[in-house]
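In terms of our numbering, the sequence shown opens at residue 1 and continues consecutively. Every residue gets a Cβ at the ideal spot worked out from N, C-alpha and C, and that includes glycine. Here the structure comes first, spelled out in structure tokens, and everything after it is commentary.
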Amino acid sequence: MDKIVVLDFGSQYAHLICRRIREQGVYAELVPYNIDADTLAEMSPKGIIFSGGPASVYEDGAPFCDRRILSLGIPILGICYGHQMLVHMLGGVVKRAKREYGSAELIVDDGKDLFMGIKQRMRCWMSHGDAAESLPEGFSILAHTDSSFAAAVADRARRIYGLQFHPEVAHTEHGSDILRNFAVRICNARQEWSMSNFIDTAVNDIKSKVKEGERVLAAVSGGIDSTVTALLVHRAIGDRLACIFINHGLLREGEEDEVLDMFNALGIKPIYIDASSRFLTRLKDVEDPEAKRLIIGEEFARVFEDAIREHGPFHWLAQGTLYPDVIESGVSVSREAATIKSHHNVAGLPKWLNLKVLEPLRQLYKDEVRQLARLLGVPEHMVKRHPFPGPGLAVRIIGKVSEEKLRICRRASKIVEEELARAGWYDKVWQAFAIVGDDRAVGVLGDGRVYGHIVSIRVVESVDAMTADWARLPYELLARISNRVTNEVEGVTWVTYAISSKPPATIEPQ
1 MDKIVVLDFG SQYAHLICRR IREQGVYAEL VPYNIDADTL AEMSPKGIIF
51 SGGPASVYED GAPFCDRRIL SLGIPILGIC YGHQMLVHML GGVVKRAKRE
101 YGSAELIVDD GKDLFMGIKQ RMRCWMSHGD AAESLPEGFS ILAHTDSSFA
151 AAVADRARRI YGLQFHPEVA HTEHGSDILR NFAVRICNAR QEWSMSNFID
201 TAVNDIKSKV KEGERVLAAV SGGIDSTVTA LLVHRAIGDR LACIFINHGL
251 LREGEEDEVL DMFNALGIKP IYIDASSRFL TRLKDVEDPE AKRLIIGEEF
301 ARVFEDAIRE HGPFHWLAQG TLYPDVIESG VSVSREAATI KSHHNVAGLP
351 KWLNLKVLEP LRQLYKDEVR QLARLLGVPE HMVKRHPFPG PGLAVRIIGK
401 VSEEKLRICR RASKIVEEEL ARAGWYDKVW QAFAIVGDDR AVGVLGDGRV
451 YGHIVSIRVV ESVDAMTADW ARLPYELLAR ISNRVTNEVE GVTWVTYAIS
501 SKPPATIEPQ
């Protein structure tokens with residue numbers, strides 16, 4: 001399959017470049033900037049993209065690609081820092097300039113190839129403090145802005161292009177068209193990447209790995225990643241897949257029935273383990289957030305191990321690892337890639353299990369997994385369901401986890417979801433839930449004063465959960481939520497709305 005390879009120079013938008021290229025039907029993958037030219041050539045890319053990054057090319061320690069990459073004869077597109085690096089390495093001059101951050105008007109001077117079919121004036125997104133002062137020999141200007149005479153440049157003879165702006169972000173008009181022109185028109189990459197094609201490829205890959213007689217185990221939660229993983233493996237090997245659904249007593253209201261009904265409708269009957277008493281007993285009197293997470297992780301591993309002993313033997317463990325997880329783990333084509341963090345979906349499993357790992361989604365982004373889910377028949381309301389933390393409601397309860405707090409948190413969160421859905425807001429936000437702590441406040445119930453719990457409502461907007469902003473919900477919607485929570489949830493007297501963004505806050509309170 002034809003591919004575009006993106007070299008990551010530290011840009012917050014590096015993954016977004018890959019996603020935008022894939023949206024054009026061309027496969028793209030991310031590699032570290034220091035990949036050597038020989039390894040890159042072995043990947044046989046149709047095109048190469050240098051991402052942006054926070055560095056300056058004239059500073060000591062600035063990252064540069066292997067110079068031999070520029071002589072491979074493969075089309076190259078540099079974006080922001082990648083553009084400046086190309087100018088610098090090929091003999092031009094880059095200097096500190098007036099910092100430009102935000103929208104600017106781009107005027108296209110040359111509408112061929114890269115800007116084919118794109119209007120002459122458009123808005124683009126700038127984010128830089130350096131700029132090209134002079135261009136290398138052989139380069140011409142394709143577009144400019146008021147503050148950047150070389151906002152887009154090209155050496156067509158060597159098929160090397162540079163953009164000072166970010167075509168991958170939504171703020172740039174026709175940005176996806178520019179990237180498609182590069183991938184398809186300039187690189188001649190075939191548009192073969194689609195989720196319908198991926199299903200066949202993934203199923204055949206699973207069949208080739210899992211030999212006849214071998215069994216696969218998957219832990220499912222109802223989340224989109226584990227659900228799609230299970231469906232792909234089941235399509236490949238049928239009943240040789242065993243799915244385990246562990247109820248740790250910290251699920252949302254009605255979640256266990258919803259998850260079991262969904263899997264049964266999809267032709268999979270999970271092994272259901274109600275371990276809620278085990279988890280809640282161990283969590284009793286525990287207040288520290290990290291201690292809660294550790295206990296839940298340890299207990300999950302124990303329950304999982306018990307299930308393996310009872311229902312085994314198994315030869316493979318299927319996990320819903322996604323492409324960003326693989327990159328963050330430093331698992332890539334570069335021998336020099338630094339590990340950012342260790343990645344594991346099921347922590348703490350003993351080594352004696354000796355299970356081989358099956359990761360059918362390791363090439364995909366979350367939005368692609370959602371596309372897959374729809375193609376595989378997952379109900380739309382489950383596809384669009386908000387993310388839910390592995391430790392469940394334990395991280396939405398401040399202080400000790402008690403039956404009373406769980407009851408309040410479950411019911412209040414359900415009310416929040418119901419009211420958002422009724423108002424057309426549920427699909428607009430990333431997450432929405434209730435938080436319960438030990439703080440109490442005086443309220444009036446009937447003719448008497450009561451001392452009840454304070455519930456805080458948390459609703460955030462985000463794209464990838466790396467950053468998040470609190471949602472500006474209409475006052476009328478907040479009022480309906482507050483009225484229902486105080487009227488319908490016994491023991492609640494006050495409702496507040498959390499208006500802290502991430503950073504400095506986190507999305508979950510613990």
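Between which two residues does the beta strand (DSSP E) holding residue i run?
i	result
L77	I76 to I79
H453	G448 to E461
A318	W316 to A318
Please report the residue range of the alpha helix (DSSP H) in which residue i lies.
i	result
Y58	Where Y58 is concerned, there is no enclosing alpha helix (DSSP H), given that its DSSP letter is neither H nor E.
E133	It is not in any alpha helix (DSSP H) - E133 instead sits in the beta strand (DSSP E) that spans R121 to S134.
F300	P289 to H311
E256	E255 to A265
E490	E490 -> no alpha helix (DSSP H), and no H or E assigned at all.
F543	Nothing can be reported for residue 543: it is not among the residues displayed for the chain, which extend from 1 to 510.
I49	It is not in any alpha helix (DSSP H) - I49 instead sits in the beta strand (DSSP E) that spans G47 to F50.
D38	A37 to E42
V233	I224 to I237
C18	A14 to E23
D177	G175 to R180
Assuming residue i contacts residue j under a Cβ cut-off of 8 Å, what Cβ separation, rounded to an integer in Å, is found between them?
i	j	result
L361	T229	6 Å
G47	L77	7 Å
A432	L250	Not confirmed; about 18 Å, so no contact.
H88	V57	4 Å
I35	I21	With 8 Å as the limit, I35 and I21 do not qualify as a contact, their Cβ atoms being about 17 Å apart.
P509	R396	6 Å
R235	V203	5 Å
M195	E476	Contact flag wrong, Cβ pair sits at about 39 Å.
S501	A468	6 Å
F279	A219	Wrong, their Cβ atoms sit about 15 Å apart, outside the cutoff.
S148	A131	6 Å
C80	A104	About 13 Å; that fails the 8 Å criterion.
Q24	Q191	7 Å
F115	L142	6 Å
G223	F9	The pair is not a contact, with the Cβ atoms about 32 Å apart (cut-off 8 Å).
K400	V286	7 Å
D427	K384	6 Å
Just list the residues that DSSP pairs residue i with in beta bridges.
i	result
C243	A218
F279	Note: F279 sits in no beta bridge, so no partner.
G91	Beta-bridge pairing links G91 to no other residue.
P32	D8
I268	In the DSSP output, where bridge partners are listed per residue, I268 has none listed.
V108	A143
L519	Outside the shown range of the chain (1 to 510) lies residue 519, about which nothing can therefore be said.
D2	Partner(s): none; D2 has no beta bridge.
I273	I246
R96	D130
S103	W125
Y497	I457
K356	W316
K502	A468
Y323	Beta-bridge pairing links Y323 to no other residue.
Y475	Answer is none; Y475 lacks a bridge partner.
Between residue i and chain B, is there a C-beta pair that is closer than 8 Å?
i	result
L250	In summary, chain B is missing from the structure at hand, where a single protein chain is found.
Sufficient close CB pairs (3 or more, under 8 Å) joining the region 98-116 to the region 66-74: no
Every unbroken beta strand (DSSP E) within the region 139-173, with a cutoff of 3 residues, ordered by chain: 140-144, 152-155 and 160-163
Touching by the beta-carbon criterion (3+ pairs, under 8 Å), the region 167-183 and the region 355-370: No: the two stretches stay apart, fewer than three of their Cβ pairs being nearer than 8 Å.
Inter-stretch contact (C-beta, 8 Å, three-pair minimum) for the region 108-118 and the region 149-160: yes
Cβ contact (3+ pairs, closer than 8 Å) linking the region 433-443 and the region 401-411: yes
Stretch-stretch touch, CB-based, cutoff 8 Å, three pairs: the region 492-505 with the region 442-459: yes
Meets three-Cβ-pair contact criterion under 8 Å: the region 241-251 and the region 266-285: yes
Ordered list of alpha helix (DSSP H) runs contained in the region 358-442, each at least 4 residues: The region 358-442 contains these whole alpha helix (DSSP H) runs: 366-375, 380-383 and 403-422.
At least three beta-carbon pairs within less than 8 Å, the region 252-265 to the region 204-217: no
Three CB pairs or more closer than 8 Å across the region 368-380 and the region 443-455: no
Segment contact, 8 Å Cβ cut-off, at least three pairs: the region 231-240 with the region 198-214: yes
Contact the region 414-430 vs the region 474-485: 3+ CB pairs below 8 Å: yes
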